[in-house]
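This report concerns only the one structure given below.
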Amino acid sequence: MTSNGHLLHARSRGLPASLAALAGTTGFAVWAAARLDGFLDPDRRVPVVALAPLLAAAVIGVSLRSPSEELDGTAVRPWWPRRLTQLAGLTALSAALLPLAVLGHPEVFGPPAMIRNTLGCTGVTAAAAVLLGARLSWLPAFGYVSAVYLGSAGAHSGAATVWAWPMQPGTQPGAWAAALGAFTVGGALYAVRGARPEGPRGGG
Amino acid sequence: MTGLRVRHRGTVALDSVDLTLGTGVHGLLGPNGAGKTSLIRVLATVARPSAGRVELLGRDTAGRRALGEVRARLGYLPQEFGYYPGFTVREFVAYVAWLKELPAAGTPAAVERAVARVGLADRADAKVRTLSGGMVRRLGVAQAIVNEPDLLLLDEPTAGLDPEQRVEFRELLRELGASTTVVVSTHLVEDVAAACTEVTLLDAGRVAYRGTPGALAALGETSGGPGDHPVERGYTAALRAHRATEAPR
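Here's what the structure looks like:
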């Protein structure tokens, strides 16, 4: 029953659908990167390195929703290990799959940049799930990365390597620190608090 | 519980509530917004009071360790329990048993027993999404009793049940109440009259009346409150009497 219980828990969190969506995201990233001819001109990979982690983070964020928040609240088992496992597992899978789309050129927009953006976007999304609920958790990361994508072209200051982390080359330490910080804070927040309840809670 | 105060969405849902509940079936009655669901949620340990002390099954629920022990011994059917459509009846009840940390060896038998008690044995392998509203409600009761709880909390358990199912459910309530503390929130006075050993009437977050269904019915007969059922007349009479005493405050 214990292993069966873990399987039921994975199904209760929609894991099969999430895995399928992450595989689809990877396929889309590989297809998009090939069309951009990014191997000859690595800078042209930026849209893929920015967009694919966002899509993966959105898939992960939506999967953090629980359909039975009230019943979850009466569980004897502590939730934080399960939340952490779900978030870390799906993030690790994304970080392993998405770099396949941008192999080579690790110094600019290759696998390191893809992994960093996956961690950063997932961290922001996990924090948003705690504050806004899982359903809208993708929105802040989407807004932030879009704003940075559109607005960071002319920014070259030292601070820009931190706040514009999604658009930095893969070797930039400041961008890595920002993304890792976002993942650590977002992951810890989600593990401890869980996604914000969204279901109806009667007031009768 | 003593001096219980609960806030919900910026308003006071329960205020200065003192209650002691023993073995038996306790009916919670009251108008919409009276605080019935808030009280059940506090008893289920999913909501925390802003003031007051709650002791369940002999343990103060303020402590984290006590919370786990209490949760293992309680069953809870929320108003909206949010099932997993892709699960079968058996899988859903087994999943809740797992969350309750029931011993793995005894879980399959406990699941079969709970499913049979609510009359869903013939649908045990049916997907939850194929069940009718009444069946989903019975599934909710099955998950609440899978651990054979010492404290069973049911929020509107008969909503969506047809008359025959309600009669059967009352029988189950009486059976459970013989050895368990059962708290049932409901709007249906017939359920209270038929199955409850005690009634607590809430109004605007306060206890307006406590007594047996028989005493509530007698109150209705003597006070002449409106209603089609003796308990219904008692309900309106008790509410009016409470509001008359609260008004000057």
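Those protein sequence lines, which keep their order, are chains A and B.
For what it's worth, the numbering used here labels the leading residue of the first sequence as 782, then goes sequentially.
For what it's worth, the numbering used here labels the leading residue of the second sequence as 258, then goes sequentially.
Cβ atoms here follow ideal geometry from the backbone N, Cα and C, with glycine treated the same way.
For clarity, every value in this text was computed on a predicted model and none was experimentally measured.
Length of the line joining the Cα atoms of residue i and residue j
i                 : j                 : result
Phe-964 (chain A) : Pro-921 (chain A) : 14 Å
Val-346 (chain B) : Lys-384 (chain B) : 6 Å
Gly-284 (chain B) : Val-929 (chain A) : 58 Å
Asn-898 (chain A) : Arg-431 (chain B) : 58 Å
Gln-949 (chain A) : Thr-942 (chain A) : 6 Å
Gly-325 (chain B) : Val-811 (chain A) : 47 Å
Ala-915 (chain A) : Val-843 (chain A) : 5 Å
His-787 (chain A) : Thr-866 (chain A) : 11 Å
Ala-831 (chain A) : Leu-789 (chain A) : 34 Å
Val-456 (chain B) : Ala-465 (chain B) : 11 Å
Val-350 (chain B) : Ala-908 (chain A) : 31 Å
Arg-321 (chain B) : Leu-356 (chain B) : 17 Å
Leu-881 (chain A) : Gly-390 (chain B) : 47 Å
Gly-891 (chain A) : Ala-969 (chain A) : 28 Å
Ala-367 (chain B) : Ser-927 (chain A) : 52 Å
Arg-328 (chain B) : Pro-360 (chain B) : 15 Å
Ala-945 (chain A) : Thr-906 (chain A) : 17 Å
Val-269 (chain B) : Pro-947 (chain A) : 45 Å
Arg-305 (chain B) : Arg-863 (chain A) : 23 Å
Pro-487 (chain B) : Gly-287 (chain B) : 16 Å
Tyr-925 (chain A) : Gly-805 (chain A) : 23 Å
Leu-418 (chain B) : Gln-336 (chain B) : 14 Å
Leu-408 (chain B) : Val-440 (chain B) : 8 Å
Three-state secondary structure (DSSP) of residue i
i                 : result
His-499 (chain B) : helix
Val-274 (chain B) : strand
Asp-485 (chain B) : coil
His-790 (chain A) : helix
Glu-455 (chain B) : strand
Gly-343 (chain B) : coil
Asp-509 (chain B) : This structure does not reach residue 509 (chain B), given that chain B is present from 258 up to 506, and the question cannot be answered.
Leu-286 (chain B) : strand
Arg-977 (chain A) : coil
Ala-401 (chain B) : helix
Arg-310 (chain B) : strand
Val-375 (chain B) : coil
Ala-474 (chain B) : helix
Arg-846 (chain A) : coil
Leu-261 (chain B) : strand
Thr-268 (chain B) : strand
Val-303 (chain B) : coil
Val-464 (chain B) : strand
Gly-363 (chain B) : helix
Gly-967 (chain A) : helix
Gly-315 (chain B) : coil
Gly-870 (chain A) : helix
Gly-417 (chain B) : coil
Gly-281 (chain B) : strand
Terminal residues of the beta strand (DSSP E) in which residue i lies
i                 : result
Asp-412 (chain B) : 408–412
Tyr-333 (chain B) : 331–334
Thr-438 (chain B) : 438–442
Alpha helix (DSSP H) segment containing residue i, residue limits
i                 : result
Leu-852 (chain A) : 850–853
Gly-434 (chain B) : 420–434
Ser-799 (chain A) : 796–816
Val-929 (chain A) : 919–932
Arg-858 (chain A) : Segment: none, Arg-858 (chain A) is in no alpha helix (DSSP H) and carries neither H nor E.
Arg-298 (chain B) : 293–300
Val-943 (chain A) : 941–944
Ala-882 (chain A) : Premise fails: Ala-882 (chain A) is in no alpha helix (DSSP H) and is neither H nor E.
Ala-908 (chain A) : 892–913
Nearest candidate by alpha-carbon position, reference residue i, set the options
i                 : options                                       : result
Tyr-333 (chain B) : B:Ala-354, B:Glu-503, B:Ser-436 and B:Arg-347 : B:Ala-354
Val-911 (chain A) : A:Ala-815, A:Ala-972 and A:Leu-836            : A:Ala-972
Gln-953 (chain A) : A:Met-895, A:Leu-917 and A:Ala-976            : A:Met-895
Asn-289 (chain B) : B:Leu-473, B:Glu-337 and B:Asp-460            : B:Asp-460
Ala-801 (chain A) : A:Ala-869, A:Leu-874, A:Val-829 and A:Glu-851 : A:Leu-874
Val-857 (chain A) : B:Ala-301, B:Glu-348, B:Gly-477 and B:Glu-428 : B:Ala-301
Gly-904 (chain A) : A:Pro-887, A:Pro-848, A:Leu-796 and A:Ala-869 : A:Ala-869
Glu-503 (chain B) : B:Ala-474, B:Gly-462, B:Tyr-352 and B:Ser-480 : B:Gly-462
Arg-423 (chain B) : B:Leu-410, B:Asp-407, B:Val-449 and B:Ala-435 : B:Val-449
Asp-382 (chain B) : B:Gly-391, B:Gly-390 and B:Leu-396            : B:Leu-396
Ala-838 (chain A) : A:Arg-977, A:Ser-938 and A:Gly-967            : A:Gly-967
Tyr-280 (chain B) : B:Leu-473, B:Thr-437 and B:Arg-490            : At residue 280 (chain B) the sequence reads Thr, which differs from the Tyr that was named. Nearest option by C-alpha distance: B:Thr-437.
Gly-267 (chain B) : B:Ser-307, B:Thr-259 and B:Ser-273            : B:Ser-307
Ser-849 (chain A) : B:Pro-342, B:Ala-319 and B:Val-327            : B:Pro-342
Val-398 (chain B) : B:Thr-387, B:Arg-386 and B:Arg-427            : B:Arg-427
Arg-846 (chain A) : A:Ala-934, A:Leu-917 and A:Ser-938            : A:Leu-917
His-444 (chain B) : B:Met-258, B:Gly-434 and B:Ala-291            : B:Ala-291
Ala-934 (chain A) : A:Gly-795, A:Ala-814, A:Leu-803 and A:Pro-828 : A:Pro-828
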